[in-house]
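Undergrad: In order, the protein sequences belong to chains A and B.
Under the numbering used here, the first residue of the first sequence carries the number 1, and numbering increases by one thereafter.
Under the numbering used here, the first residue of the second sequence carries the number 116, and numbering increases by one thereafter.
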Amino acid sequence: MLSLLSEPVGLSHYLIVGAVMFVSGAVCMATKRNALGVLMGIELVLNGANVNFVAFGSDFLARNPNYGIGLDGHVIALFVIVLAAAEAAVALAIVLNFYNNHATIDVDKADELKG
Amino acid sequence: MDPINWHTLFFLLFAGIACAFALGVVFSSNVVRMAFFLIISLAATAGLFFLAGADFVGAMQLVLYVGGTLVLLVFGVMLTAQSPFISIRTSGGDWILAALVGGSMLAILVPTALMIGERANMPSAEADATTRAEPPGAIQPVAMAKEEPTVAMLPPVPVESRPTATNIGQALIGVRVDKLEETNERKRAGLAGYVMPFEVISIHLLVVLVGAAFLARARRRAKSRFADAA
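Right, here's the structure in full:
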């Protein structure tokens, strides 16, 4: 436990945080019946991926410099953030539309296209 | 006792907050609380970005994500917060299935993360040696498996703050100033920067703006069969 505090942070620390956030998001997407809960799961998944991009883009997390992707990781993380904002805006518009038309946001009720 | 590494301490703090509140989003059934937990989790992630040396990305995470996207989500929660929808319960069978899937995903991802982190700390030759595929059908002698090869780890890279905003801005307009002196031929690829993705994403944002405004425009509320049923 004490060695955990005195060791420098490595790539695997960040990758584990990213994995936990990704799995939380995936489980959230799968289990929530509230459409907004599904949206929050998507945000968590995108952030888990972003943590990995930033970790690989960092200069000092990986001791072998060949493992870094440098600035590419930062720029890709920025694109992910922008795409997540766009996705949230459209998905929220769809959810509000669904709520206006059906007076519910339970995704299990969205079964009109079922054969 | 070794002195406390403050970088590690703050990493553990932010990582703990981010992971704990991400799990809180999963296990809470109240959608208002989920939104609040998500805000905390993503703000702590911004702290992780700062600790990884990504100052500009961390700032954008706070400004765009926490300040923009999540406020949008909270507005969505407020607009739809009718009492039957605030907490919609998930059935027990779904939880068991989700726990199985999530647990197995975590069981794959965490060992992979540990392996990659270990390999990233080795010099390239040793890392290549540990990944060289054994020929199919080759039988490992038992004596070989017993001795663990001890690989030399590279020394830690000193943590230092290097501003990235200028380089990111230059990369977005097509000049990779950080790669001009790069000698590694493989790493010199992509010297042209990110003009094309930048333009594509500009058009994409315009389309999203028009699409979201079109989808969410005010309309008379239709009489619904679900409203009758409820």
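Note that the Cβ used here is the ideal one computed from N, Cα and C, for glycine as well.
Please read these numbers as outputs of a predicted model, since none were measured by experiment.
Give me the chain B residues within the contact set of residue 106 (chain A), using Cβ-Cβ distance strictly less than 8 Å, ordered along the chain.
TA: Under the 8 Å cutoff, chain B gives 200, 203.
Undergrad: With a floor of 4 residues, list each alpha helix (DSSP H) that falls wholly inside the segment 164-202 of chain B, ordered by position along the chain.
TA: As far as the segment 164-202 of chain B is concerned, its whole alpha helix (DSSP H) runs of at least 4 residues are 170-175, 185-194, 198-201.
Undergrad: Quick one: what's residue 106 (chain A) bridged to in DSSP?
TA: DSSP, once it has assigned bridges, lists A:34 as partnering residue 106 (chain A).
Undergrad: So residue 283 (chain B) and residue 82 (chain A) are in contact, right, with Cβ under 8 Å, and what is the actual spacing, rounded?
TA: Between residue 82 (chain A) and residue 283 (chain B) the Cβ distance is about 13 Å, and since that is not below 8 Å, they are no contact.
Undergrad: Once the 5 residues before and after residue 86 (chain A) are set aside, which same chain residues still bring their CB inside 6 Å of it?
TA: Result list for residue 86 (chain A): empty, nothing under 6 Å.
Undergrad: Taking only beta-carbon atoms, is residue 111 (chain A) less than 7 Å away from chain D?
TA: Among the protein chains of the structure shown, namely A and B, there is no chain D.
Undergrad: Which whole-angstrom value describes the C-beta separation of residue 97 (chain A) and residue 146 (chain B), a residue pair presumed to lie in contact below a C-beta threshold of 8 Å?
TA: Going by Cβ atoms, the distance from residue 97 (chain A) to residue 146 (chain B) rounds to 18 Å, so no, they are not a contact pair.
Undergrad: Give me the subset of the segment 267-279 of chain B whose CB atoms are less than 8 Å from a CB atom of chain A, sorted by chain position.
TA: Under the 8 Å Cβ criterion, the segment 267-279 of chain B contributes 268, 269, 270, 271, 272, 273, 274, 275, 277, 279.
Undergrad: According to DSSP, is residue 145 (chain B) helix, strand or coil?
TA: Residue 145 (chain B): strand per DSSP, three-state reduction.
Undergrad: Output, in sequence order along the chain, the residues in the segment 13-35 of chain A whose CB is closer than 9 Å to any CB in chain B.
TA: Of all residues in the segment 13-35 of chain A, 13, 14, 15, 16, 17, 18, 19, 20, 21, 22, 23, 24, 25, 26, 27, 28, 30, 31, 32, 33, 34, 35 have a Cβ within less than 9 Å of some Cβ in chain B.
Undergrad: Would the beta-carbon of residue 120 (chain A) fall within 7 Å of that of residue 44 (chain A)?
TA: With chain A running from 1 to 115 in the structure shown, residue 120 (chain A) is simply not present.
Undergrad: For residue 3 (chain A), does the three-state DSSP call read helix, strand or coil?
TA: Note: residue 3 (chain A) maps to helix in three-state DSSP.
Undergrad: From B:137, B:163, B:123, pick the residue whose C-alpha is nearest to that of residue 151 (chain B); which is it?
TA: Considering only alpha carbons, the answer is B:137.
Undergrad: Taking the alpha carbon of residue 155 (chain B) as the point to measure from, which residue in B:227, B:140, B:233 has its own alpha carbon closest?
TA: Closest by alpha carbon: B:140.
Undergrad: Is there a C-beta anywhere in chain A that falls below 7 Å from the one on residue 195 (chain B)?
TA: Closer than 7 Å to some Cβ of chain A, the Cβ of residue 195 (chain B) qualifies, so yes.
Undergrad: Do we get a CB-CB distance below 7 Å when we pair residue 239 (chain B) with the residues of chain A?
TA: With 7 Å as the cut-off, residue 239 (chain B) counts as an interface residue toward chain A.
Undergrad: Helix, strand or coil for residue 259 (chain B), going by three-state DSSP, please let me know.
TA: For residue 259 (chain B), the predicted model reports a pLDDT of 48, less than 50, meaning its position is unreliable and no value from the coordinates is stated.
Undergrad: Which runs of the alpha helix (DSSP H) spanning at least 4 residues fall entirely within the segment 269-330 of chain B, listed in chain order?
TA: 280-287, 310-330, all fully within the segment 269-330 of chain B.
Undergrad: Measuring alpha carbon to alpha carbon, tell me which of A:4, A:3, A:8 ends up nearest residue 273 (chain B).
TA: If we check each option's Cα against that of residue 273 (chain B), A:8 comes out closest.
Undergrad: Tell me, please, whether the CB atom of residue 134 (chain B) is closer than 7 Å to any CB atom in chain A?
TA: It does: the Cβ of residue 134 (chain B) has a partner Cβ on chain A nearer than 7 Å.
Undergrad: So which of A:41, A:40, A:38, A:50 has the shortest CA-CA distance to residue 15 (chain A)?
TA: Per the Cα distances, A:50.
Undergrad: For a test of the three-state rule: what should DSSP assign to residue 9 (chain A), helix, strand or coil?
TA: Coil at residue 9 (chain A), not helix or strand.
Undergrad: Applying the 10 Å Cβ sphere with the 16-neighbour rule, what's the burial state of residue 59 (chain A)?
TA: With 16 or more Cβ atoms within 10 Å of its Cβ, residue 59 (chain A) is classed as buried.
Undergrad: Using a Cβ-Cβ cutoff of 8 Å, what residues of the segment 131-164 of chain B are near chain A? List them in chain order.
TA: If the cut-off is 8 Å between Cβ atoms, the segment 131-164 of chain B has 133, 134, 137, 138, 140, 141, 146, 149, 150, 153, 156, 157, 160, 163, 164 near chain A.
Undergrad: Mind checking whether residue 153 (chain B) and residue 21 (chain A) have CB atoms under 7 Å apart?
TA: Not closer than 7 Å, so no.
Undergrad: So residue 101 (chain A) packs on residue 239 (chain B), CB below 8 Å; how close in whole Å?
TA: Not a contact, Cβ separation roughly 58 Å.
Undergrad: What is the DSSP secondary structure of residue 237 (chain B), reduced to helix, strand or coil?
TA: The answer is coil: DSSP assigns residue 237 (chain B) none of H, G, I, E or B.
Undergrad: For the candidate residues A:115, A:89, A:6, whose alpha-carbon lies nearest to that of residue 331 (chain B)?
TA: Cα-wise, what sits closest to residue 331 (chain B) is A:89.
Undergrad: Excluding the 5 residues flanking residue 159 (chain B) on each side, which residues of the same chain have their C-beta closer than 6 Å to its C-beta?
TA: Once the five neighbours on either side are set aside, the close Cβ partners of residue 159 (chain B) are 129, 132, 133.
Undergrad: Skipping 5 residues on each side, what residues in its chain have a beta carbon closer than 8 Å to that of residue 166 (chain B)?
TA: These residues qualify, in order along the chain: 122, 125, 126, 129.
Undergrad: Check the Cβ of residue 85 (chain A) against every Cβ in chain B and list those closer than 9 Å, keeping chain order.
TA: Simply 179, 180, 183, 184, 187, 320, 323.
Undergrad: Along chain B, which residues have their Cβ under 8 Å away from the Cβ of residue 115 (chain A)?
TA: The premise fails here: residue 115 (chain A) is roughly 19 Å from chain B at the closest Cβ pair, so nothing lies under 8 Å.
Undergrad: Buried or exposed, going by whether 16 or more other CB atoms sit within 10 Å of the CB of residue 72 (chain A)?
TA: Residue 72 (chain A) comes out buried.
Undergrad: Specify the secondary structure class of residue 206 (chain B) as computed by DSSP and reduced to three states.
TA: If DSSP states are grouped into helix, strand and coil, residue 206 (chain B) belongs with coil.
Undergrad: Return the residue from the list B:311, B:214, B:190, B:303 that minimises the CA-CA distance to residue 70 (chain A).
TA: The shortest Cα separation from residue 70 (chain A) among B:311, B:214, B:190, B:303 belongs to B:303.
Undergrad: Taking the beta carbon of residue 298 (chain B) as the centre, do at least 16 other beta carbons fall within 10 Å, making it buried, or is it exposed?
TA: Answer is exposed; the Cβ neighbour count stays below 16.
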